[in-house]
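Undergrad:
In the numbering used here, the protein residues as written are 1278 to 1336.
(1) Only counting the same chain, and skipping five residues up and downstream in sequence, which positions put a Cβ closer than 8 Å to that of residue 1336?
(2) Could you check what DSSP says for residue 1293 in three-state terms: helix, strand or coil?
(3) As a quick exercise: from 1324, 1333, 1334, 1310, pick the residue whose alpha carbon is nearest that of residue 1300.
(4) Nearest to residue 1293 by CA position, among 1305, 1333, 1285, is which residue?
(5) Does any heavy atom of the ligand HEM sit closer than 7 Å to the C-beta of residue 1289?
Here it is, written out as structure tokens:
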């Protein structure tokens, strides 16, 4: 979904990691430029509900 909109790309992939509260739940982390030119840290988690959880943090 986010790759199609140009927000994240494979080249922006940073790492995969588990969540702090559940070591069986994995999330992918990306670095991407915002439309304002700032770098964002984006974590995408699939908790198994069919709806991804997305977190943004400015670097």
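Note that CB positions come from ideal geometry on N, CA and C, so glycine has one too.
TA: So, from the data block:
(1) Sequence-distant Cβ neighbours of residue 1336 in its own chain, meaning closer than 8 Å and more than five residues away, are 1308, 1315, 1316, 1317, 1318.
(2) Collapsing the DSSP output to three states places residue 1293 in a strand.
(3) Restricting attention to 1324, 1333, 1334, 1310, the CA atom closest to the CA of residue 1300 is found in 1324.
(4) For residue 1293, the nearest C-alpha among the options comes from 1305.
(5) In the structure on display, the ligand HEM does not appear, and there are no ligands present to speak of.
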